[in-house]
Structures are given as structure tokens and as C-alpha cells.
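K.L.:
Pasting a structure here, questions to come.
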């Protein structure tokens, strides 16, 4: 049984098919962990969702900011922008089934494999959050995601505040903070103030900010963190970190990391994506 982590697909179904062919994926024996942004900007978001739905438990999926944007658009909380490619989901005859499936997905995973803990999120983790706390906070939003109050949250989801975590945050502010950290974070200050304007690579940190994973003493340093979201960062593989958004939708690669077993090391597998949009 092989385990794979896959970066942002963003509606690039043909690239996903070629990647699955390249790794000889078998849903009866293998498991995929997709790190969010399953949809949008690419040519066939509906095909991606239908494919993953068909894999059942063999496809374990996180939600990213684009996936939540689809849910928001579906309830009228946000109009699709001119760059969005969500129409073939929103206008599909099986729209309700796809949206219901998305609501059953996750905001974080904590995988124990080969005596190593791997925390998976779409974007990032605040420096004061432990892996255990991250999972608990993800669970708070997952309860809303699957419950009757999702539409209310989606109408208030957009916004950059609050930009610093406090344990006593409540209500919509608390939920928005959790979602923004897990699905949008790139840069923050050493004490966890988030910044959302800059989307360039790690070198482009604004004064006083740094990549979230470079904050000294961050409380997830005791686990390996895997994430997507940051296409301008590209593939990054360290003992404590895997960045797997290699810019498929922008004409880059779609990446999968096969988790090693025993003495076998992790293996990076990539396919080139024919889709080429301009970032934005």
C-alpha cells in the first residue's frame, strides 16, 4: 500500500490523470492525500471532483481557499470573478452531490507513518499552534462546514481580520481566523501577525515578516508539515517541511510525494501541466 501527498490540482484534471497513471495509482491499495485547492482556474474542476469522489476513502482531501470560494459562490456569498472557472461545477446536473462531498472534506490531517508525524494543511500553521491544537481548530471549522450554519459563515468569510490569534476569539472572528491561517497564510511576524498581500516567493517577505515556517520556535517544529498553496515557492523538501504546490495551473508541474517505507526514501513524482494561466 502506497501513500501519496499531492499538491494543488486547481481543476487540471488531465494533469491529475497523467500523474495517477505515472504512479500506477490503485484505489484498492493506495491512498492519496490532496492538500487543497482541488478546483478553480484550471479547465475542468467538475472532472477533478467527480474523479476524487469516485475513489472513495482512497482520496483524502483538504480544502483550500479556492474550494471554499466555490462553496461561497454556490450560496451567493461571492460572485465568481472573471478569472474563476467554476461554471462547470455550479451549472452541473450533479452540482449538489459535488458540493455535498466538498463539505465532508477536511481542513487538516495528522498522519502517523513509519514512526513519523506529518501534519498536512493547505497553506500554513501559526507559530503558536501545536499540531494537536491545529487539528482541534480545524475540527471546529469542519463542524461548521458540515452543519446548518455554513452559509452564514460563508457570507462573512472574506476579510483579513483578525490577523493575530487569541485563544479567546469567538464566533465569526474565530472561524475566519482559523480559515485564513489554514488556507491563506504565507507570511507572518514572529509573534504571529498574518500578512495576505504578498504572494511572491519566500524572498519577498515584507519588512518585519517571514515565511510562517521560518519563525523561530514555532510549535509545529516537532512534526513534519506538508502544505500547498504557495506556487511561487515551488517544491521544497526538508526533514521538517514539504511544499507541494509546484504551479500546475500556471504551466508548472503537478507534484506527488510518495511517502517512504523502511529504508526507502520519499520520492517526488511530477508531471508537466499543459495549462498555462498568468498568476493573479
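In my numbering, the protein residues as written are 2 to 281. We put the CB at the ideal spot given by N, CA and C, even for glycine.
Note down, in chain order, each residue of its chain lying with its Cβ closer than 6 Å to the Cβ of residue 135, except the 5 sequence neighbours on either side.
P.N.:
Residue numbering aside, residue 135 sits at position 134 when the chain shown is read from its first letter. The residues are 109 and 126.
K.L.:
Could you tell me whether the region 84-97 touches the region 159-166, using the rule of 3 or more Cβ pairs below 8 Å?
P.N.:
no
K.L.:
Looking only at C-alpha atoms, which of 122, 61 and 7 sits nearest to residue 103?
P.N.:
Along the chain shown, one-based indexing puts residue 103 at 102. For the residues 122, 61 and 7, the minimum Cα distance to residue 103 belongs to 61.
K.L.:
Looking at residue 173: is its Cβ nearer than 8 Å to the Cβ of residue 142?
P.N.:
As a first step, residue 173 must be located in the chain shown, where it is residue number 172. As a first step, residue 142 must be located in the chain shown, where it is residue number 141. Cβ distance not < 8 Å, so residue 173 and residue 142 don't count as in contact.
K.L.:
In the DSSP output, what is residue 272 paired with across the bridge?
P.N.:
On the chain shown, residue 272 is found 271 positions in, with the first residue counted as 1. DSSP lists 255 as partners of residue 272.
K.L.:
Could you name the residues of the same chain whose beta carbon sits closer than 7 Å to that of residue 129, not counting the 5 residues immediately before and after it, in chain order?
P.N.:
What you label residue 129 is simply residue 128 of the chain shown in a count that begins at 1. Closer than 7 Å at Cβ, skipping near neighbours: 166, 193 and 220.
K.L.:
Give the secondary structure of residue 7 by DSSP, where H, G and I count as helix, E and B as strand, and everything else as coil.
P.N.:
As a first step, residue 7 must be located in the chain shown, where it is residue number 6. Residue 7 falls in the strand class under three-state DSSP.
K.L.:
Grab the span of the alpha helix (DSSP H) containing residue 135 for me, first residue to last.
P.N.:
Numbered from 1 along the chain shown, position 134 holds the residue referred to as residue 135. From DSSP, the alpha helix (DSSP H) with residue 135 extends over 132-146.
K.L.:
Please report the distance separating the alpha-carbon of residue 37 from that of residue 57.
P.N.:
Residue 37 sits at position 36 when you count from the first residue of the chain shown. Residue 57 sits at position 56 when you count from the first residue of the chain shown. In a straight line, the C-alpha of residue 37 is about 16 Å away from that of residue 57.
K.L.:
DSSP three-state call for residue 214: helix, strand or coil?
P.N.:
Here residue 214 is taken as the residue at index 213 of the chain shown, counted from 1. Note: residue 214 maps to helix in three-state DSSP.
K.L.:
Can you list, in chain order, the residues of its chain with a C-beta nearer than 6 Å to that of residue 179? Leave out the 5 residues immediately preceding and following it.
P.N.:
Here residue 179 is taken as the residue at index 178 of the chain shown, counted from 1. If we look at residue 179 and ignore the five residues flanking it on each side, its Cβ neighbours are 138 and 142.
K.L.:
How many Å lie between residue 1 and residue 81 at the Cα?
P.N.:
In the structure as shown, the chain begins at 2 and stops at 281. Residue 1 is therefore absent and cannot be evaluated.
K.L.:
When you compare the CB positions of residue 212 and residue 243, do they come within less than 8 Å of one another, or not?
P.N.:
Within the chain shown, the letter at position 211 stands for residue 212. Within the chain shown, the letter at position 242 stands for residue 243. Contact: no.
K.L.:
Helix, strand or coil: how does DSSP classify residue 156 here?
P.N.:
By one-based count along the chain shown, residue 156 stands at place 155. Residue state, collapsed to three classes: coil.
K.L.:
Starting from the Cα of residue 263, find the closest Cα among 65, 42, 116 and 200 and give me that residue.
P.N.:
Here residue 263 refers to the residue found at position 262 when the chain shown is read from its first residue. For the residues 65, 42, 116 and 200, the minimum Cα distance to residue 263 belongs to 116.
K.L.:
Measuring CB to CB, does residue 40 end up less than 8 Å from residue 71?
P.N.:
Residue numbering aside, residue 40 sits at position 39 when the chain shown is read from its first letter. Residue numbering aside, residue 71 sits at position 70 when the chain shown is read from its first letter. In this structure, residue 71 lies closer than 8 Å to residue 40 by Cβ.
K.L.:
If we ignore side chains and look at the alpha-carbon of each, how far apart do residue 224 and residue 49 end up?
P.N.:
As a position in the chain shown, residue 224 is number 223, starting the count at 1. As a position in the chain shown, residue 49 is number 48, starting the count at 1. Approximately 30 Å, taken between the alpha carbons.
K.L.:
Among 30, 23, 6 and 42, which has the Cα closest to the Cα of residue 12?
P.N.:
Translated into positions along the chain shown, residue 12 becomes position 11. The residue with the shortest Cα to Cα distance from residue 12 is 42.
K.L.:
So is residue 246 buried or exposed if we call it buried at 16+ other beta carbons inside 10 Å?
P.N.:
Position 245 of the chain shown, counted from the start, is the residue given in the question as residue 246. It counts as buried.
K.L.:
Can you tell me which of 16, 4, 8 and 46 puts its alpha carbon nearest to the alpha carbon of residue 28?
P.N.:
Within the chain shown, residue 28 is the residue found at index 27, counting from 1. The candidate whose alpha carbon is nearest that of residue 28 is 4.
K.L.:
Classify residue 127 as helix, strand or coil using the three-state DSSP reduction.
P.N.:
Position 126 of the chain shown, counted from the first residue, corresponds to residue 127. Correct three-state label for residue 127: coil.
K.L.:
Can you tell me whether residue 230 is helix, strand or coil according to DSSP?
P.N.:
On the chain shown, residue 230 is found 229 positions in, with the first residue counted as 1. Residue 230 falls in the coil class under three-state DSSP.
K.L.:
Helix, strand or coil for residue 1, going by three-state DSSP, please let me know.
P.N.:
What is shown of the chain runs 2 to 281, which leaves residue 1 out entirely.
K.L.:
Helix, strand or coil for residue 105, going by three-state DSSP, please let me know.
P.N.:
As a working note, residue 105 is residue 104 in the chain shown. Three-state result, residue 105: coil.
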